[in-house]
Amino acid sequence: MSGRAEVTEKPVRADAPGRGRALARIAAGRRRWIVAAALLAVACSLPFQLVPFRVFQFTMVLVYAVALLGLNLLVGHAGQISLGHGAFFAVGAYGTAIMLDRWDVPHVLTLPAAAATAFALGLALGLPAMRLRGLYLALVTLAIAIFLVPLLKRFESVTGGSMGLTLGKPAPPAWTGLAEDQWLYFLALAVAVAAFLLARGLLHSRVGRALHAVRDNEAAAEVMGVRLSFYKTLAFAWSAMFAGAAGSVYTWVIGFVSPDSFAVTLSITLLAGIVVGGLGSFSGPLLGGLFVMFVPGISQDVNDAAPGVIFGLLIITVMYVAPTGLAGLAGRVARSTKKILRKE
Amino acid sequence: MSGDAFLAVEGLHAGYGDARVLHGVDLTVGRGEICAILGPNGAGKTTLLRALSGMIRVRGDVRLDGTGLARRSPDALARQGVAHVPEGRGTFMPLTVEENLRLGAFVRRGRGAVGADLDRVCAYFPVLRTRLKQVAGSLSGGEQQMLAIGRALMLRPRLLLLDEPSLGLAPLVTEELFRIVRAVNEEERTTVVVVEQNAHLALGVAQQAHVLESGRIVLSGSAERIRADEQVARSYLGYRV
Amino acid sequence: MVGFLQQVVEGLGAGAIYASLALALVLIYQFTGIVNFAQGELAMFSAYIAWQFTAAGLPFWPALVLTLAVSFAGGMLIERVVIRPVEGAPELTVVIVTVGLFIFVNAAAGWIWSFLIKDFPNPFPGGALEAGGLSVGYSTLGVMAVVAVVMGLLYLLFQRTKVGLGMRAVAANPTSARLVGIRVGWTLALGWGLAATVGAVSGVLVAPLLFLEPNMMGGVLIYAFAAATLGGFDSPGGAVVGGLVVGVAETLAGAYVDVIGSDLKVGVPLIIILCILLLRPQGLFGRAAVERA
């Protein structure tokens, strides 16, 4: 297929030269922090404004956002496809559930343990899959996602089989004066903020640069001495870790796990979420989380199949018109309005 | 230029993406002539052939026997009788030699005529006849080049475009190839445009020659004149011919 | 021993179905270098179309022929409308588009025909052929016969016709194919159409065995992936052999390995895929260059 041109979209930004550019960058950096702080303030006030059911929904948005952060790392930044992200989410959720159910591990400790388990599993499964192109990773991860449900049902003594496990939720400490839904929301928020900071740190490190090199041009990256399979496997393991952490919080919040919650649909929904939210962007996971949480609920009123129809159409449309998703679209709109304003 | 030009190219611009390679090429080739395109590496010789066979987008005018050809797709041009032996030969590796040859006649109709052409091509390249059932990927470089030219001849082309037939081949094989190209040209009156690094060989078979440099024709003339002009040889070709 | 052979025969019956879906995957991979994740869903959709025809009172075989024709046209249409705009885009983009197609087709089937399971008429008589202690169901024999006929027709198409030669030329060298005058775009569409037709055969054959419902092909797709990986994604013959091997392996593992049993059989293709990737990434019959430049 050598005759075909590779199409890659790169954001084009008109930068002022020299000192102006440096100043602009500092200003942009400061603006980004202000936006982040404002967003956090809004996030903190949400649970005091909304009814418990809405608070629960936003808690789930945060849970999905954490999982999508991991998927974004893999798909958006390393350019590899996973159709089994939900499986690692399930590993985190079930890991936490089993720790709570069997050994009464305190809630706080289940999160790092679940994340570490998912990371290790990602590393182990990534090793064979990553030796080849992303195509095979997609195959293997899809196979894992499909295999997981019967596996969970089989080991009934540990997983509770088809019935699943019911667990206690973390109770809000008395000094906070918070209701349970509010406390869970803040736990999820804390995990989400930590995950965002961690992902940000990762991407600004040497690993992040290597991942971008892998995504943009595998061959060139290899020539430049990037150990492809190593970084691809690492990206896969990191992404699994975020999914595991999200799964752990999921168990805290829902207090119940059952195999059918983690069917292939979950993996595919997550992929849809990150594609529509925006591959490779920082706000992508959050927008994707909102999308995954609210779109099915709204569209299900029309028909049981409506969420799927919408997801499918949106994924295809996004890949045609805006490969950077909602986040990219928002950025583009912002840039062009700025341009129009400046002209006037 | 002359009104009876078979191939007339005027103001041809072409390139890849933002990289412009041809900056307004004008040239004409007479009916039944062999025309050599010479020039240093990177001058745009291969790009010129790709532009003529529709592989890349062009600006400008290309006429074959009066019919406008610019901006048509390669498959449409093949139906117009333009056969292009591309750089790297374009062999269908997993297919047999016979299948490769039959593909050359893909746009033609009539089984009988195609069968007769198979014989005609094998008469030019006897070695191919012994290899008809063999997988093309197993042929030597020289044989693959013969197969590529044979595939192009299966079209009964009105215009044959050859891109560096000598590339990577032993001198003896190359001479043999050029002898056959000359024979085809004489027997079938096929018009040929050949791009070549080896100016000596190309000028030996061509009637006309054009020297291309940095995407422009810098010199045109009869093959004898260009061969005779040592000054030209040194300054434009960079070596004695 | 007879019991073992019995299992092998059953495995071949299942394998024939995997083989036809794997063949559909390989057809598209050969032309475009991409794996169509929606292949199973397209097959499921075809099975629904066949069901709709029979529900309207058509006998099975005419319904099958009509379904194959509709699937062929549908496959071509999808290539022209959905895949065309991303042709030549990075692999990631194309794969995501086929996943989008997967979700869409699955949901569309649920929307049109609901997610409740439907009974699909079995075209083959009940009962079995008894020979030497073995009993081979007529429906197993029928499945194998249909798949064999489809393979034979495909073989004839590719080896004996000009269209087939053109298609093989496009798979081998698209640039050169264009230069000899083949309309490559239409050939790719033709490839999708053929793949959809071959996939439809697997869908229609699976439906009576599994009950018809929108998610019925999810598992089959994984077996087909394993079959194509095993045979080599660029080898149609390999896909067929791979399908049969995977079918037999799955049946034997389910019958003789206690840990696996019938519920964990879907782990077998996963293990096969992982082993092949580690030991022989190009598959048994594939060419060594897995990367397509």
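Chains as they are written, first to last, in numbering that gives the first Met the number 0: chain A, 0 to 343; chain B, 0 to 240; chain C, 0 to 292.
Where is the CB? At the ideal position from N, CA and C, for every residue including glycine.
Predicted model only: the values in this text are computed from it and were never measured.
Just to confirm, are residue i and residue j a CB contact at a threshold of 8 Å?
i, j, result
"residue 157 of chain C", "residue 50 of chain C", "no"
"residue 29 of chain C", "residue 220 of chain C", "no"
"residue 56 of chain C", "residue 195 of chain C", "no"
"residue 247 of chain A", "residue 137 of chain A", "no"
"residue 52 of chain C", "residue 42 of chain C", "no"
"residue 216 of chain B", "residue 26 of chain B", "yes"
"residue 95 of chain C", "residue 318 of chain A", "yes"
"residue 54 of chain A", "residue 180 of chain A", "yes"
"residue 99 of chain C", "residue 247 of chain C", "no"
"residue 189 of chain B", "residue 28 of chain B", "no"
"residue 127 of chain B", "residue 145 of chain B", "yes"
"residue 70 of chain A", "residue 285 of chain A", "no"
"residue 53 of chain B", "residue 72 of chain B", "yes"
"residue 133 of chain C", "residue 8 of chain C", "yes"
"residue 122 of chain C", "residue 59 of chain C", "yes"
"residue 73 of chain A", "residue 238 of chain A", "yes"
"residue 217 of chain C", "residue 190 of chain A", "no"
Does any residue of chain A have a CB that is nearer than 8 Å to the CB of residue i?
i, result
"residue 265 of chain C", "yes"
"residue 277 of chain C", "yes"
"residue 5 of chain C", "no"
"residue 43 of chain C", "no"
"residue 224 of chain C", "yes"
"residue 288 of chain C", "Confidence in residue 288 of chain C is poor, its pLDDT being 45 and thus under 50, which makes the residue's placement unreliable; the coordinate value appears in the next sentence. Residue 288 of chain C does not count as touching chain A."
"residue 77 of chain C", "no"
"residue 64 of chain C", "no"
"residue 92 of chain C", "yes"
"residue 295 of chain C", "Because chain C is modelled from 0 through 292, residue 295 of chain C falls outside the range shown and cannot be assessed."
"residue 233 of chain C", "no"
"residue 35 of chain C", "no"
Using a Cβ-Cβ cut-off of 8 Å, state whether residue i counts as contacting chain C.
i, result
"residue 274 of chain A", "yes"
"residue 77 of chain B", "yes"
"residue 239 of chain B", "With a pLDDT of 47 at residue 239 of chain B, under the threshold of 50, the modelled position of this residue cannot be trusted, and the question is left open."
"residue 124 of chain B", "no"
"residue 226 of chain A", "no"
"residue 343 of chain A", "In this prediction, residue 343 of chain A has a pLDDT of 47, which is less than 50 and means its spatial position is unreliable; nothing more can be read from the coordinates."
"residue 7 of chain A", "Confidence at residue 7 of chain A is low in this model, with a pLDDT of 39, below 50, so the placement of that residue should be treated as unreliable; the coordinate-derived value is given next. Yes, its Cβ sits closer than 8 Å to a Cβ of chain C."
"residue 231 of chain A", "no"
"residue 10 of chain B", "no"
"residue 0 of chain B", "Model confidence at residue 0 of chain B stands at a pLDDT of 44, short of 50, so the residue's coordinates are unreliable; what they give is reported in the following sentence. No, residue 0 of chain B does not count as interfacial toward chain C."
"residue 162 of chain B", "no"
"residue 137 of chain A", "yes"
Would residue i pass as an interface residue toward chain B - the criterion being a Cβ-Cβ separation below 8 Å?
i, result
"residue 174 of chain C", "yes"
"residue 282 of chain C", "no"
"residue 155 of chain C", "no"
"residue 190 of chain C", "no"
Whole-angstrom Cβ separation of residue i and residue j, contact assumed at under 8 Å?
i, j, result
"residue 13 of chain C", "residue 238 of chain C", "Wrong, their Cβ atoms sit about 15 Å apart, outside the cutoff."
"residue 278 of chain A", "residue 75 of chain A", "4 Å"
"residue 187 of chain C", "residue 31 of chain C", "6 Å"
"residue 105 of chain B", "residue 169 of chain C", "In fact, because the Cβ distance is near 11 Å, the residues do not count as touching under 8 Å."
"residue 35 of chain B", "residue 182 of chain B", "Not a contact, Cβ separation roughly 17 Å."
"residue 282 of chain A", "residue 84 of chain A", "That pair is no contact at about 19 Å."
"residue 44 of chain C", "residue 104 of chain C", "5 Å"
"residue 181 of chain C", "residue 90 of chain C", "Between residue 90 of chain C and residue 181 of chain C the Cβ distance is about 24 Å, and since that is not below 8 Å, they are no contact."
"residue 304 of chain A", "residue 106 of chain C", "4 Å"
In the DSSP output, which residue or residues are listed as bridge partners for residue i?
i, result
"residue 211 of chain C", "C:117"
"residue 134 of chain C", "C:129"
"residue 95 of chain B", "B:134"
"residue 207 of chain B", "B:34 and B:221"
"residue 15 of chain B", "B:18"
For the structure I just gave you, are there three or more beta carbon pairs, one from the region 259 to 269 of chain C and one from the region 137 to 157 of chain A, closer than 8 Å? Yes, the region 259 to 269 of chain C touches the region 137 to 157 of chain A.
Contact between the region 163 to 171 of chain B and the region 102 to 121 of chain B (3+ Cβ pairs under 8 Å): no
Just checking, does the region 156 to 165 of chain B make contact with the region 78 to 98 of chain B on the three C-beta pairs under 8 Å criterion? yes
Taking 8 Å as the threshold, find out whether the region 44 to 59 of chain B comes into contact with the region 127 to 144 of chain B through three or more Cβ pairs. no
Three or more C-beta pairs below 8 Å linking the region 236 to 256 of chain A and the region 155 to 169 of chain A: yes
Check whether the region 208 to 216 of chain A touches the region 77 to 85 of chain A, counting contact only when three or more Cβ pairs, one atom from each stretch, lie closer than 8 Å. yes
Could you tell me whether the region 196 to 212 of chain C touches the region 118 to 137 of chain B, where touching means 3 or more Cβ pairs closer than 8 Å? no
Meets three-Cβ-pair contact criterion under 8 Å: the region 48 to 62 of chain A and the region 256 to 272 of chain A: Contact between the region 48 to 62 of chain A and the region 256 to 272 of chain A is absent, because fewer than three Cβ pairs lie under 8 Å.
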